[in-house]
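For reference, the structure discussed in these notes is given below.
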Amino acid sequence: MTLDLFADLPPQPFHEPITEGAMLLRVFAAQEAPALVRAIETILAAAPLRHMQTPGGFRMSVAMSNCGRYGWVTDRRGYRYQAEDPLSGQAWPPMPALFTALAARAAQAAGFAGFDPDACLINRYEPGARMSLHQDKDELDMSQPIVSVSLGLPATFLFGGMERADKPRRMRLESGDVVVWGGPARLLFHGVDTLPEGEHRLTGRCRYNLTFRRAR
Ligand code: SIN
Ligand code: FE2
């Protein structure tokens, strides 16, 4: 007989440095994941998911919404943050305290104290959706990190270099994993490979991603 002392413990968080300024916090949000998904569903009832258009006129395969003081949007006029949901003309739903606290805690764990996000982009990937390599550069203060929370179906995250052509590292992100990047990694190219078919007990046939930003 072997005694498995750890069999009953939930998986423990494991901090994996990616590159200077970027950290993968495995399992970091796993306990809160069901509550996060419920909060997302409430937000989406007020600010529904939509497929936005790129400035070049392409429909994004990822469906998006936002909560917080500002929301990230794109249309033929360009990429930007705005305080109103263009679908309703109303303010975005407020950011739940659970979100703000998780984002601050994750940033702190990755070495960025005092993170106070004012924008949270909600991405929904269905099988076949992807996000091509890009930099997050519509925010004012580049000393503030990005905190990215994965929920539901696993995805392959692409973490590249300072040039779009740099070959990206591929990382599998599971539900509850959190990636934080800032400082020297703040402007690194990143994206998400095409989501494979699947079914997840929390989200069904999709992956949600929350990205917390300090927009203004
Ligand atoms: C993003 O870069 O906004 C999304 C990243 C992700 O879905 O993991
Ligand atoms: Fe991004």
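Residue numbers (the numbering used here): 7 to 222.
Using N, Cα and C, we set each Cβ at its ideal position, and we do this for glycine too.
Helix, strand or coil at R213 according to DSSP, with G and I counted as helix: Three-state DSSP puts R213 in a strand.
Proximity below 7 Å, CB of A53 to CB of D81: When the beta-carbon positions are compared, A53 and D81 stay at least 7 Å from each other.
Terminal residues of the beta strand (DSSP E) in which P23 lies: Taken as a continuous stretch (DSSP letters only), the beta strand (DSSP E) holding P23 covers F20 to T25.
Where the beta strand (DSSP E) through F105 begins and ends: Following the DSSP letters along the chain, one finds F105 in no beta strand (DSSP E) but inside the alpha helix (DSSP H) bounded by residues A103 to A115.
Inter-stretch contact at 8 Å, needing at least 3 Cβ pairs: the stretch 113 to 128 / the stretch 178 to 192: The stretch 113 to 128, when compared against the stretch 178 to 192, does touch it at the 8 Å Cβ threshold.
Straight-line gap, P151 to T209 (C-alpha atoms, nearest Å): Approximately 27 Å between the Cα atoms of the pair.
Same chain, Cβ closer than 6 Å to P17, neighbours up to 5 away in sequence not counted: Closer than 6 Å at Cβ, skipping near neighbours: V33.
Alpha carbon of F121 to alpha carbon of E47, nearest angstrom: As the crow flies, the alpha-carbon of F121 is around 25 Å from that of E47.
7 Å Cβ shell around A41 - same chain, five flanking residues per side excluded: If we look at A41 and ignore the five residues flanking it on each side, its Cβ neighbours are L104.
R130: first and last residue of the uninterrupted beta strand (DSSP E) it sits in: A125 to Y131 is the span of the beta strand (DSSP E), which, as asked, contains R130.
Any non-hydrogen atom of the ligand FE2 closer than 6 Å to D199 Cβ: No; taking the cut-off as 6 Å, the Cβ of D199 has no heavy atom of the ligand FE2 nearer than that.
Cut-off 8 Å between Cβ atoms - residues of its own chain near I128, not counting five sequence neighbours on either side: Within the same chain, I128 has close Cβ partners I46, I49, L50, L55, M70, S71, N72, C73, Y214, N215 and L216.
DSSP three-state assignment for V186, whether helix, strand or coil: If DSSP states are grouped into helix, strand and coil, V186 belongs with the strands.
Any non-hydrogen atom of the ligand SIN closer than 6 Å to T217 Cβ: Yes, the ligand SIN has a heavy atom inside 6 Å of this Cβ.
Status (buried if at least 16 other CB within 10 Å, exposed otherwise) for M29: By the neighbour-count criterion, in which a residue is buried when 16 or more other Cβ atoms sit within 10 angstroms of its Cβ, M29 is buried.
With 16 other Cβ atoms within 10 Å as the buried cut-off, status of A171: Burial call: exposed.
Check whether Y76 and Y87 have beta carbons under 7 Å apart: Yes, they are a contact pair.
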